[in-house]
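Listed in order, the protein sequences are those of chains Y and P.
The number in my numbering is simply the position in the first sequence, starting from 1, with 4 added.
The number in my numbering is simply the position in the second sequence, starting from 1, with 4 added.
I have placed the structure first, in the form of structure tokens, so that the comments after it can refer back to it.
There are 2 protein chains.
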Amino acid sequence: MPQLPTLLIQVVVILLVARLVGWIFRRIHQPQVIGEMAAGILLGPSLLGWVSPAISSALFPIESLGFLNSLSQVGLLFFMFLVGMELDGRRLLERRHTAVLTSHVSIIFPFLLGTLAALYLYPRLSDERVKFVHFALFLGAAMSVTAFPVLARILTERRLLGGEVGAVAVACAAVGDVTAWCLLAAVVVLVRAYDSLAPLWLTVFGSAAYIAAMLLVIRRVLIGLQRMYEKRSAITQDLMALILLLVFGSAWVTEQLGIHALFGAFLIGVIMPKEAGFKRALSGKLEDLTVVLFLPLFFAFTGLRTRIGLVHGGDMWFYCALIIAVAIVGKFGGAALAARLTGMSWREAGAIGILMNTRGLIELVILNIGLEIGVISPAVFAMMVLMALVTTVMTAPLLDLIYPPRLRRRDVSDSGAARAA
Amino acid sequence: MPQLPTLLIQVVVILLVARLVGWIFRRIHQPQVIGEMAAGILLGPSLLGWVSPAISSALFPIESLGFLNSLSQVGLLFFMFLVGMELDGRRLLERRHTAVLTSHVSIIFPFLLGTLAALYLYPRLSDERVKFVHFALFLGAAMSVTAFPVLARILTERRLLGGEVGAVAVACAAVGDVTAWCLLAAVVVLVRAYDSLAPLWLTVFGSAAYIAAMLLVIRRVLIGLQRMYEKRSAITQDLMALILLLVFGSAWVTEQLGIHALFGAFLIGVIMPKEAGFKRALSGKLEDLTVVLFLPLFFAFTGLRTRIGLVHGGDMWFYCALIIAVAIVGKFGGAALAARLTGMSWREAGAIGILMNTRGLIELVILNIGLEIGVISPAVFAMMVLMALVTTVMTAPLLDLIYPPRLRRRDVSDSGAARAA
Chain Y
5 MPQLPTLLIQ
15 VVVILLVARL
25 VGWIFRRIHQ
35 PQVIGEMAAG
45 ILLGPSLLGW
55 VSPAISSALF
65 PIESLGFLNS
75 LSQVGLLFFM
85 FLVGMELDGR
95 RLLERRHTAV
105 LTSHVSIIFP
115 FLLGTLAALY
125 LYPRLSDERV
135 KFVHFALFLG
145 AAMSVTAFPV
155 LARILTERRL
165 LGGEVGAVAV
175 ACAAVGDVTA
185 WCLLAAVVVL
195 VRAYDSLAPL
205 WLTVFGSAAY
215 IAAMLLVIRR
225 VLIGLQRMYE
235 KRSAITQDLM
245 ALILLLVFGS
255 AWVTEQLGIH
265 ALFGAFLIGV
275 IMPKEAGFKR
285 ALSGKLEDLT
295 VVLFLPLFFA
305 FTGLRTRIGL
315 VHGGDMWFYC
325 ALIIAVAIVG
335 KFGGAALAAR
345 LTGMSWREAG
355 AIGILMNTRG
365 LIELVILNIG
375 LEIGVISPAV
385 FAMMVLMALV
395 TTVMTAPLLD
405 LIYPPRLRRR
415 DVSDSGAARA
425 A
Chain P
5 MPQLPTLLIQ
15 VVVILLVARL
25 VGWIFRRIHQ
35 PQVIGEMAAG
45 ILLGPSLLGW
55 VSPAISSALF
65 PIESLGFLNS
75 LSQVGLLFFM
85 FLVGMELDGR
95 RLLERRHTAV
105 LTSHVSIIFP
115 FLLGTLAALY
125 LYPRLSDERV
135 KFVHFALFLG
145 AAMSVTAFPV
155 LARILTERRL
165 LGGEVGAVAV
175 ACAAVGDVTA
185 WCLLAAVVVL
195 VRAYDSLAPL
205 WLTVFGSAAY
215 IAAMLLVIRR
225 VLIGLQRMYE
235 KRSAITQDLM
245 ALILLLVFGS
255 AWVTEQLGIH
265 ALFGAFLIGV
275 IMPKEAGFKR
285 ALSGKLEDLT
295 VVLFLPLFFA
305 FTGLRTRIGL
315 VHGGDMWFYC
325 ALIIAVAIVG
335 KFGGAALAAR
345 LTGMSWREAG
355 AIGILMNTRG
365 LIELVILNIG
375 LEIGVISPAV
385 FAMMVLMALV
395 TTVMTAPLLD
405 LIYPPRLRRR
415 DVSDSGAARA
425 A
């Protein structure tokens, strides 16, 4: 087992750096998770590998990355499951008037802008092995993401969850999450079908059958599990085993269908009964280990793949700035305009726009998938990681600027929707 | 990431089979964990690989085993930490009269028998690449193990924890655990020093310095962490991160010292403050995922290495039977005699002997280490896995036979010492 010492020291270093940078970010009024994302970049070739290639290759030898990856993938499955659990269909229905319009505009607008930008960027940043349609669709999908967990964390920290702005933002982000993942699933299916990994008709019909089975059959199983919980008021180990089986099983099915394993874990979370006690008990079992241990491993793994050095020279930095600008204009502009149209004040609509512009770690998840299926190059990956960081970091200070505490309408009922961040 | 689908289906199959066989074992009044151990063997070359090599190699391709292993190693670290947490020095002191004598005899006697058996077995089952001294010491250490977690689980299920027999058994097993791990650490150090992986003096002095630092410095840090817990009455994510850092850090140090990573995780657990609320909150965060997800992965990984087919022909089965007999006579005989000498009735002393004879999964952990450092061959490994299974399976029925419920003295205060099983 020569890999064990390496894995141990990797975990120690990653946890240390993640907590440290996370703590620094908290001190400058940024959510901890952004610091942890940044910590991952620092441990990769962009900083550590550049300052000291010797330390970097001793700490992260290439043959060890598979193990780090398998750990972080398992953690991401739990994480997407927890994110799915935070989506509550009933709460969305209450807000459907504003939420549906705002969220759809805040997806369609950046999606269109993203595909437009692809027209300019494709000949400059891609090659003929990637089809234009795939590149454009992926860019559009990646532009239209909102990081539901980071958003919820920011709202909780600023005590905005109970107010109108917070409620609309959460609802929009939730609808947006589901839509963005559907878009992404479509892109993955198209690209993989082109590589002829699985026949397209199988993926399409299989996915439809799978979603139907989830809603009609598995949903009932889950309600049965919730009753098991209520009988004992505790998550027994049998119950836990069944839930883990469903999460891993669903992830495996979606992976086989050619979508992506994370989609399956997310969907199980979405259709989970949302009774408060059950939800709290279940996330209590999974959340801490996921957030404290596995997510930093994922950030580090992402950071190891991010080579900011690939973005060099005036042209490249221009493309990078363009990507960031398109992301901000598309998401902030689209969401703010739509919110204003539904009757919010400019200030409130602006706040919604800023909040929806948070890309956070969901963007990192999507970018990793894009890199794996080869639809974006390492250089585009680095640019878009920067975009994710910039749009996430700007959220908190801009929010305090446009929508300062003294102007906030709010009621007191802070909900638990921010737990999985 | 071609390994992700494989890893997912492995987890699904392992969880399913482990729960299923575990459930069957519960129906025949055996602890679930023994069923899960057996499930691991069934998935390995001893059954699945023999019935259908095609399915076996599709499900567990050799190149995927590293990932399974890295997951199960992380889980074992948590598990050994939890086992260490269950050891409570103060409770041991209360029982020192019976516990110290019984536990030491119940270690020394099987250890001596084991080394004696090695005289006969070494020329027949080992080769000159392994020194006789190492082989004999390892056999002795492996014979003298008691599975603290399985023992605690059996005592809880039979409501024996509060009684005299239960208390003495737990105390003995606890002392035995620590002694056996020290023995094992010594063997690992000797063998590795022979392979000149780390200079012996460094290991010896380093270990002494490490243990001193743990008792004098880290112990205080841990008491500080417990105070952090008491202030909030909750394990915050910062606190969780610090504890995980200590567990992984300590594991890394012991691994570097040439002992073994698991020893470091175990020791952090041992010196953890044992205040009930803190202990319960902390194991609540780690236990379920460890027991439900990671341990079955470890059992499956062990099973994949166990080739019962290597034990073939009359001679081999005779050696195997000899190992099992020596293990039972040594541990059961030694513990029962010592307990009788301290003034227990024959029946009670017999019950103690049977309980101490439980090898359980701690034996599997030790055997895996032995196989890794090359001190036992795959054939001896298979024999000793059988020994672990036999001695563990026989515990519950024999206990009910020798010490049936109607004869049991007991008081009511069942403690929580059986949580980590």
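C-beta atoms are modelled at their ideal positions from N, C-alpha and C, and glycine is treated no differently.
The model shown is predicted, which means the values in this text are computed figures rather than measured ones.
- Gly273/Y sits in a helix when the DSSP states are folded into three classes.
- The alpha-carbon separation between Leu188/Y and Ile328/Y amounts to approximately 19 Å.
- Taking C-beta atoms as the reference points, Ile356/P and Ala340/P count as a pair closer than 9 Å.
- The residues Leu266, Ala269 and Phe270, in chain order, have a CB closer than 6 Å to that of Met84/Y in the same chain once the five nearest residues on each side in sequence are set aside.
- Pairing Ile112/Y with Met360/Y, the inter-Cα distance amounts to about 13 Å.
- Under a criterion of Cβ atoms nearer than 7 Å, the residues of chain P adjacent to Val16/Y are, in order, Leu249, Phe252, Gly253 and Trp256.
- Counting the other Cβ atoms within 10 Å of the Cβ of Ser61/Y gives fewer than 16, which makes it exposed.
- Legend: CB atoms of the region 277 to 296 of chain Y lying less than 8 Å from CB atoms of chain P belong to residues Gly288, Lys289, Leu290, Asp292, Leu293, Val295 and Val296.
- If you draw a 10 Å sphere on the C-beta of Ser237/P, you find fewer than 16 other C-beta atoms in it, and that means exposed.
- In this model, Gly144/Y and Val192/Y are separated by some 13 Å (Cα to Cα).
- Looking only at Pro57/P, Leu12/P, His33/P and Phe64/P, the smallest Cα-Cα distance to Thr306/P is reached by Phe64/P.
- In this structure, the alpha-carbon of Met276/P lies about 28 Å from that of Ser76/Y.
- With respect to the C-alpha of Val330/P, the residue from Leu123/P, Val21/P, Leu290/P and Met244/P having the closest C-alpha is Leu123/P.
- For secondary structure counted as the alpha helix (DSSP H) over 4 or more consecutive residues, the region 380 to 408 of chain Y holds these complete runs in sequence order: 382 to 397 and 399 to 406.
- The three-state secondary structure of Glu279/Y, taken from DSSP, is coil.
- Judged by DSSP secondary structure, Pro65/Y falls outside any alpha helix (DSSP H); it is assigned neither H nor E.
- Its chain contains Gly79, Phe82, Phe83 and Leu86 as the residues whose beta carbon lies nearer than 7 Å to that of Thr294/Y, once the 5 sequence neighbours on both sides are disregarded; these appear in chain order.
- Its Cα nearest to that of Leu72/Y, the residue Phe298/Y stands out among Ala342/Y, Phe298/Y and Arg344/Y.
- Not flagged as an interface residue toward chain P: Gln34/Y, since no C-beta distance is shorter than 9 Å.
- What Leu20/P touches in chain Y, judged by beta-carbon distance under 7 Å, is Leu249, going in chain order.
- Contact check for Ile215/P against Leu250/P fails: the beta carbons are separated by 9 Å or more.
- In the three-state reduction of the DSSP assignment, Gln34/P falls in the coil class.
- Looking only at Ala42/Y, Glu168/Y and Ile377/Y, the smallest Cα-Cα distance to Ala343/Y is reached by Glu168/Y.
- For Val379/P, same chain residues with a beta-carbon under 8 Å away, outside a window of 5 residues either side, are Val134, His138, Phe139, Phe142, Val191 and Val195 in chain order.
- In the three-state reduction of the DSSP assignment, Leu164/P falls in the coil class.
- Gly364/Y is classed as buried because its beta carbon has at least 16 other beta carbons within 10 Å across all chains shown.
- A check of alpha carbon separations from Arg94/P across Ala22/P, Leu19/P, Ser56/P and Ala178/P identifies Ala178/P as the nearest.
- For Phe71/Y, the residues of chain P that pass the 7 Å Cβ criterion are Gly70, Phe71 and Ser74, in the order they occur in the chain.
- For Arg410/Y, there is no enclosing alpha helix (DSSP H), as DSSP gives it neither H nor E.
- Under a criterion of Cβ atoms nearer than 7 Å, the residues of chain P adjacent to Leu11/Y are, in order, Ser74.
- The beta-carbon of Met244/Y is placed less than 9 Å from the nearest beta-carbon of chain P.
- In this structure, Met348/P sits away from Val174/P, with a CB-CB distance that is not shorter than 9 Å.
- In the structure shown, Met348/P adopts coil according to DSSP, grouped into three states.
- Shown here, Thr10/P sits in a helix according to DSSP, grouped into three states.
- Using a CB distance cut-off of 9 Å, Glu90/P does not count as an interface residue toward chain Y.
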